[in-house]
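Participant: Numbering (the working numbering), first residue to last: 1 to 179. Where is the CB? At the ideal position from N, CA and C, for every residue including glycine. Have a look at this one before I ask anything.
Following this line, the structure appears as structure tokens:
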């Protein structure tokens with residue numbers, strides 16, 4: 001499709017920016033794209049590499065690895081709908097590329113938000129719905145909560161030139177009801 005062609009072209013442009021070693025690994029990834037299982041394995045391998053990069057790789061190499069991950073692997077994970085993997089790769093890259101901002105934002109978010117906050121909100125909503133007889137048609141439903149990734153918050157703050165307090169979607173709930 002046209003979207004796939006545009007996407008592949010953007011990846012090819014990324015290839016032109018990278019050096020020969022990076023190009024070789026990306027060429028392997030492109031060849032693997034005919035089988036989505038191989039792409040998923042490559043993404044998992046890159047995530048594992050990023051998780052363990054702190055002790056095994058020199059600081060400059062970690063930076064290159066993080067840049068390559070953000071440029072190539074994160075968009076692929078996003079495109080395949082692998083949001084959890086995408087967010088983890090972004091956050092690891094953020095920690096490598098901008099350690100001071102990562103620590104500062106992480107501390108701020110820990111003060112403002114927590115997984116418990118989301119869970120309490122989900123439980124509260126679920127309790128309210130289950131006790132309201134006028135909402136019988138909404139059952140069964142699925143309630144899913146999520147916390148925005150650090151890198152996503154950082155990008156939004158930079159793009160809009162705002163403070164953390166002004167980011168309105170740090171936490172979110174998705175409520176799925178039957179047709």
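Could you confirm whether any beta carbon from chain D is found closer than 9 angstroms to the beta carbon of residue 165?
Facilitator: No chain D appears in this structure, which consists of one protein chain only.
Participant: Give me the residue from 105, 92, 128, 173 with the minimum Cα distance to residue 163.
Facilitator: Position 163 of the chain shown, counted from the first residue, corresponds to residue 163. Here the closest residue by C-alpha is 105.
Participant: Kindly indicate the opening and closing residues of the alpha helix (DSSP H) around residue 123.
Facilitator: The residue labelled residue 123 in the question sits at position 123 within the chain shown. Taken as a continuous stretch (DSSP letters only), the alpha helix (DSSP H) holding residue 123 covers 115 to 130.
Participant: Where DSSP assigns a beta bridge to residue 145, which residues make up the other side?
Facilitator: Indexing the chain shown from 1 puts residue 145 at position 145. According to DSSP, residue 145 bridges with 173.
Participant: Candidates 177, 42, 75, 154: which alpha carbon is nearest residue 136's?
Facilitator: Locating residue 136 in the chain shown gives position 136, counting from the first residue. For residue 136, the nearest C-alpha among the options comes from 177.
Participant: Would you kindly report the start and end of the unbroken alpha helix (DSSP H) that includes residue 87?
Facilitator: Counting from 1 along the chain shown, the entry for residue 87 is found at position 87. Run containing residue 87: 83 to 97, per the alpha helix (DSSP H) assignment.
Participant: Is the beta carbon of residue 54 sitting closer than 9 angstroms to the one on residue 62?
Facilitator: Taking the chain shown and counting its residues from 1, the one referred to as residue 54 is at position 54. Taking the chain shown and counting its residues from 1, the one referred to as residue 62 is at position 62. Contact: yes.
Participant: Tell me whether the beta-carbon of residue 39 lies closer than 9 angstroms to the beta-carbon of residue 92.
Facilitator: Residue 39 sits at position 39 when you count from the first residue of the chain shown. Residue 92 sits at position 92 when you count from the first residue of the chain shown. Going by C-beta atoms, residue 39 is not nearer than 9 angstroms to residue 92.
Participant: For the alpha helix (DSSP H) holding residue 79, just list the boundary residues, first then last.
Facilitator: The sequence position of residue 79 within the chain shown is 79, counting from 1. First-last of the alpha helix (DSSP H) with residue 79: 74 to 79.
Participant: Our contact map puts residue 66 next to residue 96 with C-beta atoms below 8 angstroms; I'd like the distance itself, whole angstroms only.
Facilitator: Translated into positions along the chain shown, residue 66 becomes position 66. Translated into positions along the chain shown, residue 96 becomes position 96. Correct: roughly 4 angstroms between the Cβ atoms.
Participant: Under 8 angstroms Cβ to Cβ from residue 98, same chain only, skipping five residues before and after it: list those, please.
Facilitator: Position 98 of the chain shown, counting from 1, holds the residue named residue 98. Within the same chain, residue 98 has close Cβ partners 154.
Participant: Start and end of the alpha helix (DSSP H) containing residue 134?
Facilitator: Against the chain shown, residue 134 aligns to sequence position 134. That residue, residue 134, is in no alpha helix (DSSP H); it is neither H nor E in DSSP.
Participant: Smallest Cα separation from residue 90: which of 171, 151, 124?
Facilitator: Taking the first residue of the chain shown as 1, we reach residue 90 at position 90. Cα-wise, what sits closest to residue 90 is 151.
Participant: Could you tell me the alpha carbon to alpha carbon distance between residue 48 and residue 167, rounded to whole angstroms?
Facilitator: In the chain shown, the residue the question calls residue 48 occupies position 48. In the chain shown, the residue the question calls residue 167 occupies position 167. The straight-line gap from Cα to Cα measures roughly 30 angstroms.
Participant: As a quick exercise: from 147, 43, 52, 81, pick the residue whose alpha carbon is nearest that of residue 173.
Facilitator: On the chain shown, residue 173 is found 173 positions in, with the first residue counted as 1. Selected option, being the one with the closest Cα: 147.
Participant: Secondary structure at residue 163, three-state DSSP: helix, strand or coil?
Facilitator: The sequence position of residue 163 within the chain shown is 163, counting from 1. Coil, per DSSP.
Participant: Less than 9 angstroms between the beta carbons of residue 84 and residue 171, yes or no?
Facilitator: Position 84 of the chain shown, counting from 1, holds the residue named residue 84. Position 171 of the chain shown, counting from 1, holds the residue named residue 171. No, Cβ-Cβ distance for residue 84 and residue 171 is not below 9 angstroms.
Participant: Using three-state DSSP, classify residue 57 as helix, strand or coil.
Facilitator: Within the chain shown, the letter at position 57 stands for residue 57. Three-state result, residue 57: coil.
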